[in-house]
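The sequence shown begins at 2 in my numbering and counts up one residue at a time.
We put the beta carbon where it would ideally sit given N, CA and C, even for glycine.
Just below is one structure, and these are the notes that go with it.
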Amino acid sequence: MTVVALDKFLSDLDQLTATAVSAFQAASAADVLEAARVEFLGAKNGRLKKSQKGLSHVDKADKPVAGKRFNQAKQDIEAAYETAKEKLAGGGTEQAAAFDPTEPGRRRRLGHGHPVSQTIEELTDIFARLGFNVAEGPEIEDEWHNFEALNIPPSHPARDPLDNFYLSTAGGGAADRQLLLRSQTSTVQIRVMEKATPPVRIVSLGRVYRPDTADATHYPMFHQIEGLMIDRKVTMADLKSVLRMFCSSYLGEEVHVRFRPSFFPFTEPSVEVDMSWHGGWIEMGGAGMVDPNVLQAVGYDPEEVIGFAFGLGVERLCARRHGIQDIREFFKNDVRFLEQF
Ligand code: DAH
Numbered sequence: 002m003t004v005v006a007l008d009k010f011l012s013d014l015d016q017l018t019a020t021a022v023s024a025f026q027a028a029s030a031a032d033v034l035e036a037a038r039v040e041f042l043g044a045k046n047g048r049l050k051k052s053q054k055g056l057s058h059v060d061k062a063d064k065p066v067a068g069k070r071f072n073q074a075k076q077d078i079e080a081a082y083e084t085a086k087e088k089l090a091g092g093g094t095e096q097a098a099a100f101d102p103t104e105p106g107r108r109r110r111l112g113h114g115h116p117v118s119q120t121i122e123e124l125t126d127i128f129a130r131l132g133f134n135v136a137e138g139p140e141i142e143d144e145w146h147n148f149e150a151l152n153i154p155p156s157h158p159a160r161d162p163l164d165n166f167y168l169s170t171a172g173g174g175a176a177d178r179q180l181l182l183r184s185q186t187s188t189v190q191i192r193v194m195e196k197a198t199p200p201v202r203i204v205s206l207g208r209v210y211r212p213d214t215a216d217a218t219h220y221p222m223f224h225q226i227e228g229l230m231i232d233r234k235v236t237m238a239d240l241k242s243v244l245r246m247f248c249s250s251y252l253g254e255e256v257h258v259r260f261r262p263s264f265f266p267f268t269e270p271s272v273e274v275d276m277s278w279h280g281g282w283i284e285m286g287g288a289g290m291v292d293p294n295v296l297q298a299v300g301y302d303p304e305e306v307i308g309f310a311f312g313l314g315v316e317r318l319c320a321r322r323h324g325i326q327d328i329r330e331f332f333k334n335d336v337r338f339l340e341q342f
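In structure tokens form, the structure reads like this:
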């Protein structure tokens, strides 16, 4: 059996003690401390255990000294471990004391719908009560639905490239199927009538796009509400009644609706719809009796059915109700503005 010199045994022991003590002191979390405990104090393979085995290799005469020093080292290491353990537990108590369950909690900020979305929901509700179903159409349209079927011929200035967001047609294929971002929700009238047989009573709410410079009353994207009612016997009086009922539901009984003669290719006669509410008249959109050419374009017989249509600006309605002066506010997404609604 090899004999280990006392000097070597003692210096190894000192080094082990120093390493172990500093490892315990440095342990900043319970799992780190536990790993150090296993490394140094582990009952099976701990480094102190190995040192203890080394004790048996020390010369018999040196054993009392070596044994005594070993016990001392063991105590030191164990003490360092206990201190570190208490220190970590103490940290925990400090944290627990910092948590005061009687303090009011931090409130989470809850968002809500954008004012335009809220308006869309409300308008949809009102028209649902008046018996109108909701229809949807695509924001990328073809010229048939945005113009042609609405009685807007190629020569019409509304089709000017400077007044529309035309999209380049996909390479090859039907070059005559020019696409654009829809400039009005009247497109949905066509899409609905192409599929449905009268009677038809729908509203459609959504985005439209026009290359306008943004100012207090214009924005290149805005929302419209489109209405369409087709049946055997529908009159301008029905149109006015529906719009009046709608406006007084949305703004209140004191609202007045006024028609001014106008022109739209897809209605005959056509009117501008103005509303007065707590002050002067403001223009809300257009309306009229659906032009026979439009009815024909979708395969309806103008001798059989008749109807009215209208299109109003959603932002305008919302701005009127809340006294908002500048349409751009809706799209800046400044929470200080949005959270007021
Ligand atoms: N589409 C028109 C516009 O964007 C508004 C409009 C006018 C819609 C008359 C209609 C209507 O349905 O009958 O200016």
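- Here E137 is actually not in contact with L180; their C-beta atoms are around 18 Å apart, not less than 8 Å.
- Beta-bridge pairing by DSSP links Y167 to L181.
- The beta carbon of L318 sits no closer than 8 Å to any heavy atom of the ligand DAH.
- When DSSP states are grouped into helix, strand and coil, Y210 belongs to the strand group.
- Here the region 162 to 169 makes contact with the region 202 to 221; the two share three or more CB pairs at distances below 8 Å.
- Distances from the CB of E227 to the heavy atoms of the ligand DAH include at least one below 8 Å.
- Under the three-state reduction of DSSP, L313 is assigned to strand.
- If you look at S118, you'll find it in the alpha helix (DSSP H) that goes P116 to R130.
- Contact between L7 and D60 holds, with the beta-carbon distance rounding to 7 Å and staying under 8 Å.
- Counting along the chain, V189 sits inside no beta strand (DSSP E); it lies in the alpha helix (DSSP H) bounded by residues T188 to K196.
- Ranked by how close their Cα comes to the Cα of R70, the residues L49, M290, R107 and R317 have L49 in first place.
- Taken in chain order, the unbroken stretches of alpha helix (DSSP H) that lie wholly in the region 240 to 298 and span 4 residues or more are 293 to 298.
- In the same chain as T125, and ignoring 5 residues on each side of it, the C-beta atoms closer than 8 Å to its own belong to V135, V204 and L206, in chain order.
- Straight-line measurement puts the Cα of F267 at about 17 Å from the Cα of V209.
- Shortest Cα-Cα distance from P200 to any of R233, L296 and E123 involves R233.
- Residue range M222 to D232 is occupied by the beta strand (DSSP E) that includes G228.
- L313 has its alpha-carbon roughly 24 Å from the corresponding atom of H113.
- Following the DSSP letters along the chain, one finds E330 inside the alpha helix (DSSP H) bounded by residues E330 to K333.
- Excluding its 5 nearest sequence neighbours in each direction, V306 has C-beta neighbours in its own chain below 7 Å: P199, I231, D232, R233 and L296, listed in chain order.
- The continuous alpha helix (DSSP H) containing D13 extends over residues L7 to A27.
- For the pair S187 and L151, the CB atoms are nearer than the 9 Å cut-off.
- When the alpha-carbon of S277 is set against those of D302, S249 and A238, the nearest one is in S249.
- Close CB contacts of F260 within its chain, under the 6 Å cut and outside five residues either way in sequence, are with V272 (chain order).
- In this structure, R321 sits near I283, with a CB-CB distance shorter than 9 Å.
- Here the distance from the Cβ of A150 to the nearest heavy atom of the ligand DAH is not below 8 Å.
- When the five nearest sequence neighbours on each side are left out, the beta carbons in the same chain lying within less than 7 Å of the beta carbon of V5 are those of G55, H58 and V59, in order along the chain.
- Annotation: P116 to A217 spans about 17 Å, alpha carbon to alpha carbon.
- In the three-state reduction of the DSSP assignment, N147 falls in the helix class.
- Between A31 and L89, the CB-CB gap stays under 9 Å.
- Taking each of F265, M246, S263 and F264 in turn and checking the Cα distance to H257, the smallest one comes out for M246.
- Between V274 and F311 the beta-carbon gap is near 7 Å, inside 8 Å, which marks them as a contact.
- With a 10 Å radius around the Cβ and a threshold of 16 neighbouring Cβ atoms, D292 comes out buried.
- For S156, there is no enclosing alpha helix (DSSP H), as DSSP marks it with neither H nor E.
- A straight-line Cα-Cα distance of about 27 Å links Q73 and G91.
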